[in-house]
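Data first, discussion second: the structure below is written as structure tokens.
2 protein chains.
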Amino acid sequence: MPEKETKGERTRRRILEAARQEFGRQGYERATIRGIAAAAECDKSSVIKYFGTKQQLFREAVDWQASFDAAELRVDDRQGEEYLRAMLADFAGPRNDPMFALLRSAMTNEEAAQLLREKTTTGAVDPLAEAMEGPDARLRAALLSAVMFGIAVQREMLRMPYLADADLEDVLRLSGPMLRRLLEPRPAQDPDATP
Amino acid sequence: MPEKETKGERTRRRILEAARQEFGRQGYERATIRGIAAAAECDKSSVIKYFGTKQQLFREAVDWQASFDAAELRVDDRQGEEYLRAMLADFAGPRNDPMFALLRSAMTNEEAAQLLREKTTTGAVDPLAEAMEGPDARLRAALLSAVMFGIAVQREMLRMPYLADADLEDVLRLSGPMLRRLLEPRPAQDPDATP
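Residue numbers (this note's numbering), protein chains in the order written: chain Y, 1 to 195; chain U, 1001 to 1195.
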């Protein structure tokens, strides 16, 4: 805990952590200010004082940053695997991860879905498309994001058989060539192309 | 409407359709017997008479079949694209699709998640792994399922930018080589392998 954290800052941080947990566990609609206050061991009025409405608290709680630095994006042979490794690590982390909360809520709430669309596009898909060469860069970047989302959700969130129990390195080894296909489609020399 | 459908059968069918819609829209937890009865334009007691509990109604409502016939599975050059085409068509269909309802509920409800795991594994991943050659067939089949799920959910359910608006044929053209990589990894002659 940072030395300079005041009582107010501590309460604020505890509320945000509790909010991520509750939104992540129950989704936006079912999570309540009352439940979040209880999880943060503070009064309901403190939540309202620091964050206003449930909607405002939600927006702040799920304000996640992509785990890669857009300025350092490279598109090379190992890059797909590295993105996937980072994303799986995010998803495998504590269940109060902001992305986890946003994702779970986005499935049943349109406002959360809109927030997910904005964050994914500006934080990941657009920078990735910028760094990619060749045609269809934006659609390829969006597909790459969708594919990694599918693997991360099914492994860490839905815990699908085989995938959830597989060794991480096996998942990355088998996914790597597939992700590379999207990063560098090389249509002119595609060895899989039908003659 | 089939000619022989009795009044009871019609009510039953209407309740199932309404249940898929409500579970798909709201997820398992938030959908209510009362709301489903209202959507089916019948009495709450009819729902209970035909299906018992909300849990039993849910199990029946989401009893979806994979859109491919496991006995006809082939693993060839076009197969990945054909699976994805079928899955996207399912997701793009009416919002009372059983898979849609199951998926949305599975994100926030463990019982729905368990049902999704069972159905996906026995209905799609296991038959696909049987039809695949080479090592890691079950993990590759699970990855294929996760990848298609990611594309389908982000395109049809979350309506992600670029992906939602893209032409279906472009999505399939760019996804095909990637899916083929999982269906036929050919590690011995992998042209992408680092030397």
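Cβ coordinates follow ideal geometry from the N, Cα and C atoms, glycine included. As the structure is a computational prediction, the values presented were derived from the model and not from experiment.
Mind checking if Y/A146 is an interface residue toward chain U, Cβ cutoff 8 Å exclusive? Counted from its first residue, the first sequence places residue 146 of chain Y at position 146. Y/A146 counts as touching chain U.
Smallest Cα separation from U/L1179: which of Y/F23, Y/R14, Y/V147, Y/F91? On the second sequence, residue 1179 of chain U is found 179 positions in, with the first residue counted as 1. Minimum Cα distance to U/L1179 is reached at Y/V147.
Skipping 5 residues on each side, what residues in its chain have a beta carbon closer than 7 Å to that of U/A1039? Residue numbering aside, residue 1039 of chain U sits at position 39 when the second sequence is read from its first letter. Here the set comprises A1018, Q1021, E1022.
Against chain Y, does U/D1090 count as a neighbour if the rule is that its beta carbon must be under 8 Å from one of theirs? In the second sequence, the residue the question calls residue 1090 of chain U occupies position 90. Chain Y contact via Cβ: absent.
I think Y/I36 touches Y/I48, with their Cβ atoms under 8 Å apart; what is that distance to the nearest whole Å? Counting from 1 along the first sequence, the entry for residue 36 of chain Y is found at position 36. Counting from 1 along the first sequence, the entry for residue 48 of chain Y is found at position 48. That belief does not hold up - the Cβ atoms of Y/I36 and Y/I48 are roughly 11 Å apart, past 8 Å.
Proximity below 8 Å, CB of Y/A152 to CB of Y/A101: Walking along the first sequence from the start, residue 152 of chain Y turns up at place 152. Walking along the first sequence from the start, residue 101 of chain Y turns up at place 101. It is not a contact, given that the beta carbons lie outside the stated cut-off.
Using a C-beta cutoff of 8 Å, does U/G1035 count as contacting chain Y? Counted from its first residue, the second sequence places residue 1035 of chain U at position 35. So no, U/G1035 is outside the interface.
Out of U/A1142, U/A1166, U/L1174, U/A1164, point me to the one whose CA is closest to Y/D165's CA. Position 165 of the first sequence holds residue 165 of chain Y. Among U/A1142, U/A1166, U/L1174, U/A1164, the Cα nearest to that of Y/D165 is on U/A1142.
Cβ pair count under 8 Å reaching 3, the region 116 to 126 of chain Y against the region 1152 to 1161 of chain U: yes
Go ahead and pull the three-state DSSP assignment for Y/P135. Residue numbering aside, residue 135 of chain Y sits at position 135 when the first sequence is read from its first letter. Y/P135 falls in the coil class under three-state DSSP.
On the three-state DSSP scale, how would you describe U/P1177? On the second sequence, residue 1177 of chain U is found 177 positions in, with the first residue counted as 1. Note: U/P1177 maps to helix in three-state DSSP.
Whole-angstrom C-beta distance between U/T1108 and Y/G93, which should lie under 8 Å: Numbered from 1 along the first sequence, position 93 holds the residue referred to as residue 93 of chain Y. Numbered from 1 along the second sequence, position 108 holds the residue referred to as residue 1108 of chain U. In fact, because the Cβ distance is near 19 Å, the residues do not count as touching under 8 Å.
If you count every other CB in all the chains shown that lies within 10 Å of the CB of U/L1168, and 16 or more means buried, which is it? Residue numbering aside, residue 1168 of chain U sits at position 168 when the second sequence is read from its first letter. Exposed.
Keeping to the same chain, check which residues put their C-beta closer than 8 Å to that of Y/R181; ignore five residues upstream and five downstream. As a first step, residue 181 of chain Y is located in the first sequence; it is residue number 181 there, counting from the start. Closer than 8 Å at the Cβ level, and outside the excluded window around Y/R181, lies no residue.
Taking only three categories from DSSP, how would you classify U/R1013? Position 13 of the second sequence, counting from 1, holds the residue named residue 1013 of chain U. The answer is helix: DSSP assigns U/R1013 an H, G or I state.
Measure the C-alpha to C-alpha separation of U/D953 and U/E1082 and round it to an integer number of angstroms. This structure leaves residue 953 of chain U out entirely; chain U is present only between 1001 and 1195.
Alpha helix (DSSP H) containing U/P1205: first to last residue? Chain U is shown only over 1001 to 1195; residue 1205 of chain U falls outside these bounds and no answer can be derived.
Comparing alpha-carbon positions, which option in U/C1042, U/R1140, U/V1171 lies nearest Y/A137? By 1-based counting over the first sequence, the position of residue 137 of chain Y is 137. Nearest C-alpha to Y/A137: U/V1171.
What are the residues of the region 14 to 26 of chain Y that lie near chain U, defined by any Cβ-Cβ distance shorter than 9 Å? R25, Q26
Which class does Y/P127 belong to by DSSP, given the choice of helix, strand or coil? Here residue 127 of chain Y refers to the residue found at position 127 when the first sequence is read from its first residue. Residue state, collapsed to three classes: helix.
Residue-level contact to chain Y via CB, U/E1029, 8 Å cutoff: Sequence index remark: in the second sequence, residue 1029 of chain U carries index 29 (1-based). Yes, U/E1029 counts as interfacial toward chain Y.
Considering Cα atoms alone, identify which of Y/E9, Y/C42, Y/G150 is closest to U/M1157. One-based indexing of the second sequence puts residue 1157 of chain U at position 157. Closest option to U/M1157, Cα to Cα, is Y/G150.
Provide the residue span of the alpha helix (DSSP H) that contains U/K1054, from first to last. On the second sequence, position 54 is the one that residue 1054 of chain U refers to. Where U/K1054 is concerned, the enclosing alpha helix (DSSP H) stretches over 1054 to 1061.
Alpha carbon of Y/R104 to alpha carbon of Y/E111, nearest angstrom: One-based indexing of the first sequence puts residue 104 of chain Y at position 104. One-based indexing of the first sequence puts residue 111 of chain Y at position 111. Answer to the nearest angstrom: the Cα atoms are 12 Å apart.
Quick check: what's the CA-CA separation for Y/G97 versus U/S1046? Here residue 97 of chain Y is taken as the residue at index 97 of the first sequence, counted from 1. Here residue 1046 of chain U is taken as the residue at index 46 of the second sequence, counted from 1. The residue asked about is misnamed: residue 97 of chain Y is Asp in this sequence, not Gly. Looking at the two C-alpha atoms, the distance is approximately 43 Å.
Go ahead and label U/R1010 buried or exposed: buried means 16 or more other beta carbons lie within 10 angstroms of its beta carbon, across all protein chains shown. The count along the second sequence starts at 1 and reaches residue 1010 of chain U at position 10. That one is exposed.
Mind checking whether Y/L88 and Y/L144 have CB atoms under 8 Å apart? Position 88 of the first sequence, counted from the start, is the residue given in the question as residue 88 of chain Y. Position 144 of the first sequence, counted from the start, is the residue given in the question as residue 144 of chain Y. Contact flag unset, no.
How should U/A1054 be labelled, buried or exposed, when 16 other C-beta atoms within 10 angstroms of its C-beta is the threshold for buried? On the second sequence, position 54 is the one that residue 1054 of chain U refers to. In the sequence as presented, Ala is not what sits at residue 1054 of chain U; that position holds Lys. By the neighbour-count rule (16 or more Cβ atoms within 10 Å), U/K1054 is buried.
Cβ of U/R1010 within 8 Å of any chain Y Cβ: Counted from its first residue, the second sequence places residue 1010 of chain U at position 10. Not one chain Y Cβ lies under 8 Å of U/R1010.
Given Y/A31, which residues of its chain have a CB within under 7 Å of its CB, disregarding the five upstream and five downstream residues? Here residue 31 of chain Y corresponds to residue number 31 of the first sequence, with the count starting at 1. Excluding positions up to five away in sequence, the list reads E22, F23.
Within 8 Å (strictly less), CB to CB, does U/M1178 reach chain Y? Position 178 of the second sequence, counted from the start, is the residue given in the question as residue 1178 of chain U. Yes - at least one Cβ of chain Y is within 8 Å of the one on U/M1178.
Amino acids of chain U, ordered along the chain, whose beta-carbon sits closer than 8 Å to that of Y/A166: By one-based count along the first sequence, residue 166 of chain Y stands at place 166. Neighbours of Y/A166 on chain U, chain order: L1139, A1142.
Return yes when the Cβ of U/L1174 is within less than 8 Å of the Cβ of Y/L139, no when it is not. Position 139 of the first sequence, counting from 1, holds the residue named residue 139 of chain Y. Position 174 of the second sequence, counting from 1, holds the residue named residue 1174 of chain U. For Y/L139 and U/L1174, yes; Cβs fall inside 8 Å.
Would Y/Y50 and Y/R13 be called neighbours here (beta carbons separated by less than 8 Å)? Within the first sequence, residue 50 of chain Y is the residue found at index 50, counting from 1. Within the first sequence, residue 13 of chain Y is the residue found at index 13, counting from 1. Taking 8 Å as the Cβ cut-off, Y/Y50 and Y/R13 do not qualify as a contacting pair.
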